[in-house]
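Which chain is which? The protein sequence lines are B and P, in order.
Quick note on our numbering: the first sequence kicks off at 8 and runs consecutively.
Quick note on our numbering: the second sequence kicks off at 8 and runs consecutively.
Every residue gets a Cβ at the ideal spot worked out from N, C-alpha and C, and that includes glycine.
Number of protein chains: 2
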Amino acid sequence: MERAAVTARTSPESARDIPEATVARLPVYLRALTTLSEQGIGTCSSEELAVAAGVNSAKLRKDLSYLGSYGTRGVGYDVDYLRYQIAREIGVTQDWPVVIVGIGNLGQALANYSGFRSRGFRVVALLDADPARRDEVVAGLEVGPFDDLERIVREHSVAIGVIATPALAAQDVADRMVACGITSILNFAPIVLNVPDQVDVRKVDLSIELQILAYHEQRKGATA
Amino acid sequence: MERAAVTARTSPESARDIPEATVARLPVYLRALTTLSEQGIGTCSSEELAVAAGVNSAKLRKDLSYLGSYGTRGVGYDVDYLRYQIAREIGVTQDWPVVIVGIGNLGQALANYSGFRSRGFRVVALLDADPARRDEVVAGLEVGPFDDLERIVREHSVAIGVIATPALAAQDVADRMVACGITSILNFAPIVLNVPDQVDVRKVDLSIELQILAYHEQRKGATA
DNA sequence: CTCGGTTTGTTCTCGCGTTCACAAACTCCT
DNA sequence: AGGAGTTTGTGAACGCGAGAACAAACCGAG
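Structure, rendered in structure tokens:
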């Protein structure tokens with residue numbers, strides 16, 4: 008498979024601009040490939056992978072083409088090879104340290120979520136401002152005071168923070184995270200965070216998702 | 008999510024085709040308006056509301072224009088009036104009954120999430136296939152057997168189901184939900200669900216969100 | 001009543017993302 | 001070796017959403 012090296016352009020590798028929409032789908036492909044691999048499937052066509060990932064095959068091929076030419080015409084894709092290439096592109100071949108702030112119901116659920124560890128993320132600390140939660144052990148980690156944030160980030164070179172606090176505390180937590188040098192935030196609090204441009208924020212909002220479903224549900228009822 | 012143009016004609020109001028991107032932002036505006044209202048603010052301009060919602064004001068005005076003309080030129084929007092109009096459009100002026108299946112860490116967190124009740128959703132049942140979880144009381148509700156699904160859906164006219172099970176069980180749960188008449192599913196399991204076209208599915212995937220952050224994080228490091 | 005200042009609703013343009021369709025490239029069979 | 005059958009990678013067309021810009025509409029002062 009030295010062919011890949013031939014098609015490489017000016018930059019050594021992986022420095023092309025990948026569209027945001029494609030980036031959002033790469034993890035889906037990665038998961039589908041992992042499933043296929045676990046089923047002992049060594050090769051798959053773009054059509055098979057597209058079905059497994061829930062997209063259309065043309066889109067899949069175009070997405071993969073941004074990474075390079077990792078398939079073989081007339082044959083398809085080598086499952087493990089493609090899986091590695093996507094993982095490398097996303098950056099989950101090594102582990103990313105993650106800190107979770109706010110260890111309520113949701114924070115505990117996140118801490119216990121096995122999908123993180125198996126997908127390139129390692130929870131290095133659980134922090135909570137509430138002294139009542141201090142020293143509880145969740146998922147094998149002691150819950151520490153929020154003020155430990157700076158030390159944790161420094162010692163573990165944490166770049167990614169997860170906010171699972173109530174809405175009122177979220178902005179303060181975000182500010183502190185940014186001050187400590189965290190540059191990517193996953194926010195579960197139902198509030199719009201204000202952060203500098205160079206910091207990436209992704210929001211997961213449960214009630215918004217339900218409201219979107221409710222809108223469509225309402226329209227279904229109207230036509231019936 | 009392709010929403011077919013079902014009834015594009017003949018409707019008094021609020022039946023216009025609202026773009027999917029706009030629908031996804033309406034709940035954000037709704038939340039921002041609620042916050043403003045709680046602060047005692049009676050009127051706001053598109054610029055103020057846009058800042059509170061984290062979008063640009065031209066986009067906000069365009070979004071609102073799909074609903075109708077609810078503002079006053081030279082003045083702005085009446086906060087409570089606009090809030091009601093958006094709530095009505097989304098369909099959260101009445102309560103939607105919701106059933107949650109899979110009462111592990113995440114399911115419990117969801118059951119306890121107060122944002123549901125306050126935003127037009129009412130959790131009517133918690134179900135789990137595991138007998139060990141049976142009869143536990145979570146958020147004031149007894150955890151019932153998964154086989155109760157059909158009865159619950161019928162008795163409460165449930166249209167929206169939440170799946171918080173492990174990946175392996177999720178497709179079976181979805182199939183059963185569809186068979187019972189549920190037409191909107193919020194899926195937290197890391198798997199692509201296969202459902203009929205008329206059923207809406209929204210996916211919340213924690214590790215995918217983190218992987219997207221990791222991709223950008225990796226690129227930041229590469230340039231620095 | 002009129003005029004200046006303000007803010008909405010809408011039109012227009014541009015860029016991104018999706019999809020189609022097909023040439024290029026590979027395998028297998030004869 | 002050559003041709004038939006597959007499947008990838010990509011150029012081109014198309015549609016949707018974002019943002020800029022402006023006319024229409026409203027308020028208040030004089």
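Helix, strand or coil, according to DSSP, for residue i in the structure here?
i: P/G3; result: There is no way to answer for residue 3 of chain P, as the model of chain P reaches only from 8 to 231.
i: P/T42; result: helix
i: B/G81; result: coil
i: B/A177; result: helix
i: B/L220; result: helix
i: B/V199; result: coil
i: P/G75; result: coil
i: B/E20; result: Confidence in B/E20 is poor, its pLDDT being 45 and thus under 50, which makes the residue's placement unreliable; the coordinate value appears in the next sentence. B/E20: coil per DSSP, three-state reduction.
i: P/G228; result: helix
i: P/D182; result: helix
i: B/G122; result: helix
Looking at the unbroken alpha helix (DSSP H) that takes in residue i, where does it start and where does it end?
i: B/R95; result: 86-97
i: B/G114; result: 112-119
i: P/S308; result: No information on residue 308 of chain P is available, as it lies outside the stretch 8 to 231 that chain P covers here.
Determine which residues share a DSSP beta bridge with residue i and list them.
i: P/R129; result: P/P104
i: B/I167; result: B/V105, B/S191
i: P/V145; result: P/L148
i: B/L134; result: B/V108, B/G151
Measure from the alpha carbon of residue i to the alpha carbon of each residue in the options, then state which is nearest.
i: B/A146; options: B/T172, B/G168, B/L117, B/A139; result: B/L117
i: P/Q101; options: P/D182, P/G127, P/A65; result: P/G127
i: P/N201; options: P/A139, P/R183, P/G75; result: P/R183
i: P/E54; options: P/G78, P/E45, P/Y73; result: P/G78
i: P/F195; options: B/V211, B/L67, B/G75, B/R140; result: B/V211
i: B/G168; options: B/G111, B/P138, B/R209; result: B/R209
i: B/P197; options: P/G61, P/T29, P/G83; result: P/G61
i: P/V206; options: B/V206, B/D207, B/G228, B/C187; result: B/G228
i: P/V189; options: B/E224, B/S64, B/G188; result: Note that residue 189 of chain P is Ile in the sequence shown, not Val. Nearest C-alpha to P/I189: B/E224.
i: B/N63; options: B/Y73, B/V82, B/E45, B/Y36; result: B/Y36
i: B/S191; options: P/L43, P/P173, P/E216; result: P/E216
i: P/T1; options: P/C187, P/V144, P/G47, P/I93; result: This structure gives no information on residue 1 of chain P, because the portion of chain P shown stretches from 8 to 231.
i: B/E96; options: B/A31, B/V199, B/A139; result: B/A31
i: B/D137; options: B/P173, B/V199, B/Y73; result: B/P173
Does the beta carbon of residue i fall short of 8 Å from some heavy atom of the ligand FMN?
i: B/K227; result: In the structure shown, the ligand FMN is absent, as is every other ligand, since no ligand is present at all.
At which residues does the beta strand (DSSP E) containing residue i begin and terminate?
i: B/D249; result: Residue 249 of chain B cannot be examined here, being either before or after the span of chain B that is shown, 8 to 231.
i: P/R209; result: 207-210
i: B/L148; result: 148-152
At the level of alpha carbons, what is the spacing between residue i and residue j?
i: B/V165; j: P/A221; result: 12 Å
i: P/R158; j: P/A171; result: 20 Å
i: B/D85; j: P/L175; result: 25 Å
i: P/P203; j: B/A59; result: 16 Å
i: B/G151; j: B/G109; result: 10 Å
i: B/L33; j: P/G49; result: 45 Å
i: P/N119; j: P/L133; result: 11 Å
i: B/E27; j: B/G98; result: 15 Å
i: B/D142; j: B/D135; result: 10 Å
i: P/S214; j: B/F123; result: 6 Å
i: P/T41; j: P/R90; result: 7 Å
i: B/R226; j: P/L193; result: 17 Å
i: B/A181; j: B/D155; result: 15 Å
i: B/C51; j: P/A177; result: 24 Å
i: P/V160; j: P/R80; result: 46 Å
i: P/D70; j: B/V105; result: 36 Å
i: P/P19; j: P/G75; result: Caution applies to P/P19, whose pLDDT of 40 falls short of 50 and renders its modelled position unreliable; the value that the coordinates give is listed next. Rounded to whole angstroms, P/P19 to P/G75 spans 12 Å at the Cα level.
i: P/R38; j: P/L56; result: 10 Å
i: B/I25; j: B/V130; result: 28 Å
i: B/L148; j: P/G111; result: 19 Å
i: B/S121; j: P/H163; result: 34 Å
i: P/Y88; j: P/K66; result: 20 Å
i: P/F153; j: P/Q218; result: 32 Å
i: P/G107; j: P/Q115; result: Sequence inspection shows Ile at residue 107 of chain P; the Gly mentioned does not correspond to that position. So the two alpha carbons sit approximately 9 Å from each other.
i: P/Q46; j: B/V144; result: 38 Å
i: P/V82; j: B/V199; result: 25 Å
i: B/R140; j: P/W103; result: 33 Å
i: B/Y73; j: P/C187; result: 42 Å
i: B/L43; j: B/V185; result: 39 Å
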